[in-house]
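Residue numbers (the numbering used here): 4 to 138.
Virtual Cβ for every residue (Gly too), placed ideally from N, Cα, C.
Note that the coordinates shown come from a computational prediction; the quantities given were computed from them, not determined experimentally.
Working notes, beginning with the structure itself.
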Ligand SMILES: [Zn+2]
Ligand SMILES: [Zn+2]
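Here you go:
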C-alpha cells in the first residue's frame, strides 16, 4: 500500500492519500483548457484524481468557483497564505477531487494517461506520448 502526501509551499495545507494505489494507477491527467492555464499559471494543468473520501485534508484551503471551458462549475482550492493551487472539484463529479501534481514530492508521479483540450497546445508543445487524448 503506497501512501502519498502533498502540501502547499507554506505547509498550512496538507493532503494525504493513505492508499494511493488506485490514484497512481489512474495516472496523471493533463488539461490545456483556459481555466487550468489561468489557475495554475502554466500552459496546462496536471492532476491526480481520487474519490474525496480517500483523501485526508489538514488545514483550511480557500475556494473559488467559476464556470470552466466545459460549461460546468469548478471549485478550485488554494492556500490563502502562500497561494499554492491545491485541488479542484467539478460540479458534475462532486465526489472526486483533482489534485495539482506539483504539491507532491519529485519522483513520485506516474506518467500522464489522458490529455484534454489539445486544440489549445502552443506551437512548441506536443501531446504526451501514449496518452488517451480527448478533444
Ligand atoms: Zn500554504
Ligand atoms: Zn482544464
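In terms of side-chain proximity, the C-beta atom of residue 87 is found nearer than 7 Å to a non-hydrogen atom of ligand 1. Counting only runs of at least 3 residues, the segment 29-55 fully encloses the following beta strand (DSSP E) elements, listed from N- to C-terminal order: 31-34 and 48-54.
The three-state secondary structure of residue 9, taken from DSSP, is strand. Residue 88 places its beta carbon less than 8 Å from that of residue 43. In the structure shown, residue 111 adopts coil according to DSSP, grouped into three states.
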